[in-house]
Ligand SMILES: [Cu+2]
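Numbering (mature numbering (1 follows the signal peptide of the UniProt record, and there is no 0)), first residue to last: -24 to -1, 1 to 186.
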């Protein structure tokens, strides 16, 4: 075979094997949508008061009957004026001494790593625990409280699942990544724990889907 033809064929084969998207993310580290979350669960984590920051807050993650997604409700107050804060679920609980640096890295069961930064338009390619990466950073004007409520499709509420967070922690970071404060999740209602729960959204969703 002619050498230039061979070279161009090789080039074509290489080009065809290249991913077509611009994100350099390996698809094998993408997070699958968790479809087997069990109703009903409630997990809550408050932030520990810390002498070196004004930041306080809490996060509640609960399951719905109408969707496999978990419902996240987060509030963060005391944000220094002009700052935004990152917040994540980390892969280890806060140790007894309260040191937020003892919580390890982010919850990242599929090994994606922190680089490149999470692309908010493709949350399935982000670390599972990178909540502010997937849903937006915390910001509020002076004296006000940041609040956000959203659906999380990649967290699991069943102990033992790869993306289970119920025995872990969350950490709030300064813009320079310093860990300001943190807190451990507590199981308020374990998955499958409450038998008599009514989800008012169910009817609305059923009508919308019909
Ligand atoms: Cu973090």
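Quick reminder that beta carbons are idealized off the backbone N, C-alpha and C, glycines included.
Source: prediction; values computed, not measured.
| Item | Value |
| --- | --- |
| Candidates 151, 128, 169: closest to residue 47 by CA position | 128 |
| Residue 5 versus residue 88 - alpha carbon distance | 5 Å |
| Straight-line Cα distance separating residue 140 from residue 32 | 24 Å |
| Runs of alpha helix (DSSP H) lying entirely within the stretch 94 to 122, each at least 4 residues, in chain order | 107 to 111 |
| Same chain only: Cβ atoms within 6 Å of residue 37, ignoring 5 sequence neighbours per side | 19, 46, 48 |
| Chain-order list of residues whose beta-carbon lies under 7 Å from that of residue 26 (same chain, five-residue window excluded) | 156, 157 |
| Candidates 15, 12, 101, 22: closest to residue 161 by CA position | 22 |
| Residue 111 beta carbon near ligand 1 (any heavy atom closer than 7 Å) | no |
| Contacts around residue 169, its chain only, beta-carbon distance under 6 Å, and the 5 residues preceding and following it disregarded | none |
| Test item: CB-CB of residue 91 and residue 103 under 8 Å | no |
| Contacts around residue 44, its chain only, beta-carbon distance under 6 Å, and the 5 residues preceding and following it disregarded | 11, 13 |
| heavy atom of ligand 1 below 7 Å from residue 147 C-beta | yes |
| Best match in 137, 16, 3 for proximity to residue 83 [C-alpha to C-alpha] | 137 |
| Pair within 8 Å by beta-carbon distance, residue 148 and residue 65 | no |
| Backbone CA spacing between residue 86 and residue 67 [nearest angstrom] | 12 Å |
| Assigned exposure category for residue 77 - 16 Cβ within 10 Å defines buried | exposed |
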